[in-house]
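A short worksheet on the structure shown next.
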Amino acid sequence: MDFDTWLLFVASALLLSATPGPNLLHVLDRSVSFGLRRCLFSMGGCLAGVMVLMGVSALGLAALLEVVPSLLGMLRVGGALYLAWLGIDAWRRRQAPLDVGDGGGWVTSSRRLLFRDGFLIGISNPKMLLFTVAFLPPFIDVARPQLPQLQILLATFAVIEVLCYLVFALAARCIAGYLQVPRWRRCFDRGVGSLFIGLGAALLASG
Numbered sequence: 001m002d003f004d005t006w007l008l009f010v011a012s013a014l015l016l017s018a019t020p021g022p023n024l025l026h027v028l029d030r031s032v033s034f035g036l037r038r039c040l041f042s043m044g045g046c047l048a049g050v051m052v053l054m055g056v057s058a059l060g061l062a063a064l065l066e067v068v069p070s071l072l073g074m075l076r077v078g079g080a081l082y083l084a085w086l087g088i089d090a091w092r093r094r095q096a097p098l099d100v101g102d103g104g105g106w107v108t109s110s111r112r113l114l115f116r117d118g119f120l121i122g123i124s125n126p127k128m129l130l131f132t133v134a135f136l137p138p139f140i141d142v143a144r145p146q147l148p149q150l151q152i153l154l155a156t157f158a159v160i161e162v163l164c165y166l167v168f169a170l171a172a173r174c175i176a177g178y179l180q181v182p183r184w185r186r187c188f189d190r191g192v193g194s195l196f197i198g199l200g201a202a203l204l205a206s207g
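In full-length UniProt numbering, the protein residues as written are 1 to 207.
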């Protein structure tokens, strides 16, 4: 893989990662609710989930989903239901005062739970498996060893994904002060909840 090909991959990955989806929406919500430092655990969970999916597809297990389409269907339904549950949870969320400082927000959720929820979000879209199979190969030079190239691509994607998470998390902290007003906080929670439910419905309908 030459440098020009790598730059093309960077541009493609940036466009993909910056497109709003479940991961970025989750980071936005957690940054507002718990503060930037605690949101880092949510980011780590989301990234771990995405990397697991991409790693699994790189190992060729995505071919299994093509052979056994019912498995993809079951995973898709599970992911859709989880996203819908997050949406309902946001709608029902009890209002609490926010601390607009860096470590603020609702501190009732442990770091482990923040990471777990992020991981479940990141891994909740099984179609990422098949997408990765189509996304990575064009950037790999088959005339050269493929494993080092794959490692470079995955590492590059991880860095870009984290940068996008940070941008959304910082943007969320900028509006956290306004969300101390219960009315605006309620609108934010219900807006996020509606988007999660919509994403779940779209994932379910995509099959």
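From the three backbone atoms N, C-alpha and C, an ideal C-beta is built for every residue, glycine too.
Handout entry: Closest Cα partner of L163 within the set M1, V56, G44 and I123
Key = When each option's Cα is compared against that of L163, the closest is G44.
Problem - Separation of G191 from D89, as counted between CA atoms - result: For D89 and G191, the gap between their C-alpha atoms comes out near 12 angstroms.
Exercise for the section: For Y178, count neighbouring Cβ atoms within 10 angstroms of its own Cβ and tell me buried if that reaches 16, exposed if not. Expected result: Classified as exposed, Y178 has fewer than 16 neighbouring CB atoms from the shown chains inside 10 Å of its CB.
Handout entry: Close Cβ partners of I160 (< 6 angstroms) along its chain, the five nearest in sequence each way excluded
Key = Closer than 6 angstroms at the Cβ level, and outside the excluded window around I160, lie A13, L14 and S17.
Problem - Alpha-carbon to alpha-carbon, L199 and G21 - result: Roughly 8 angstroms separates the two Cα atoms.
Handout entry: Segment contact, 8 angstroms Cβ cut-off, at least three pairs: the segment 38-53 with the segment 180-187
Key = Flag = no, the segment 38-53 and the segment 180-187 do not touch.
Exercise for the section: Leaving aside the five residues before and after I197 along the sequence, list all residues of the same chain whose C-beta is less than 6 angstroms from its C-beta, in chain order. Expected result: Here I197 has A84 and G87 as same chain residues with Cβ atoms under 6 angstroms from its own Cβ, once five neighbours each way along the sequence are excluded.
Handout entry: The alpha helix (DSSP H) enclosing T5, as first and last residue numbers
Key = Annotation for T5: the continuous alpha helix (DSSP H) segment containing it runs F3 to A18.
Exercise for the section: Compute the Euclidean distance between the alpha carbons of R38 and N23, then round it to the nearest angstrom. Expected result: Approximately 16 angstroms, taken between the alpha carbons.
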